[in-house]
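Residues -23 to -1, 1 to 178 in mature numbering (1 follows the signal peptide of the UniProt record, and there is no 0) are what the sequence shown spells out, letter by letter. Each remark here refers to the structure printed beneath this line.
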Amino acid sequence: MTGEMKVLALVAVFAADAFRCFAITPDHTSFVSPVPLLRQRLNSNALDRSPLSPSHSPTQSSLSQHPLTVTHVGKQKSVWANRPDPQKIAGKRLVTAEARFLRLSTIKTLRTLSEIKGKPLLEALAILEWSPRKPAKQVYKCIKSALANARQKYGANSVKPRIFTVLANRGPYRKRVHFQSRGRASVYRRPTTHIKVVLEV
C-alpha cells in the first residue's frame, strides 16, 4: 500500500467515526462529541481496525465526564471546562499587575515598551525612571506593583524576578464635547490604555 493510499484510508476511517459520533440522540436535544473517539483512534493503529460501530460510540452517560462535550445545542456554554490557569504555565511562578483605563495613547505606550524589550528588570526600571515619555511613569508603577505582589505572595527572600510579559492594549475612547463656531459642536475622542505586567519569580 502506497503512502497516498494509507493517507486516504486514514481520512476515510476518521470521517466514518465522526459521522457516527454526530448522530442525533433520541431526545433531539444533544449530540455526542467526537473528540474521545478520535483520540482513541489516534492512539491505536487506525489502518488495522474497522470503523467503530454505533454500539461502541460514546453514550449519553459519558457526556458529563468529558470536558469538551457540549450538551443542549440551543444553550451552548463554555466548552473549555479544563482551561489551564494562565499563571501556571509549565510550572512557572507568574505574578501579574494591571493598570486599566489610563489616559494614555496606546501607540505611545508601545513605543515606551519597545525601549525595555529584552532588558533585565533593574535596567528596565532605570530606563523607565529617567525616560521623558509620558507613559513611562505608569509602566514603572505597574512593574513596581507586580514586584510588591510577588513579595506578598512568595516572600521577599525567595523572589528572583524577571520580566515575563509586558502588554499594552487599547481601551475604550473617552468622548468629550468640542464646541465650535455658529452654535455647532463636535466630539473629542481621547484614547485609553490597559497595561499588564507579568513577572516570573
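The C-beta atom is built at its ideal place from N, Cα and C for all residues, glycine as well.
In whole angstroms, what is the alpha-carbon distance linking residue i and residue j?
i, j, result
"residue 120", "residue 167", "25 angstroms"
"residue 91", "residue 115", "15 angstroms"
"residue 176", "residue 161", "50 angstroms"
"residue 146", "residue 70", "23 angstroms"
"residue 164", "residue 128", "45 angstroms"
"residue 96", "residue 105", "11 angstroms"
"residue 82", "residue 134", "37 angstroms"
"residue 94", "residue 152", "32 angstroms"
"residue 159", "residue 144", "44 angstroms"
"residue 130", "residue 103", "25 angstroms"
"residue 55", "residue 132", "No answer about residue 55 holds up, because its pLDDT of 41 lies below 50 and its placement is not dependable."
"residue 68", "residue 169", "34 angstroms"
"residue 126", "residue 138", "11 angstroms"
By DSSP's criteria, residue i is part of a beta bridge. Which residues make up the other side?
i, result
"residue 82", "For residue 82, which the question treats as bridged, DSSP gives no partner whatsoever."
"residue 146", "171"
"residue 152", "166"
"residue 71", "177"
"residue 76", "172"
"residue 140", "176"
Thinking just about the alpha-carbon of each residue, which of the options is nearest to the one in residue i?
i, options, result
"residue 84", "105, 101, 111, 74", "111"
"residue 171", "97, 77, 69, 96", "77"
"residue 187", "104, 95, 149, 158", "With the chain running from -23 to 178 in the structure shown, residue 187 is simply not present."
"residue 117", "131, 146, 99, 158", "99"
"residue 75", "163, 132, 142, 129", "142"
Under 8 angstroms, do residue i and residue j count as touching if we go by C-beta distance?
i, j, result
"residue 154", "residue 123", "no"
"residue 136", "residue 178", "yes"
"residue 86", "residue 108", "no"
Can you round the beta-carbon distance between residue i and residue j to whole angstroms, since I take them to be within the 8 angstroms contact cut?
i, j, result
"residue 101", "residue 140", "6 angstroms"
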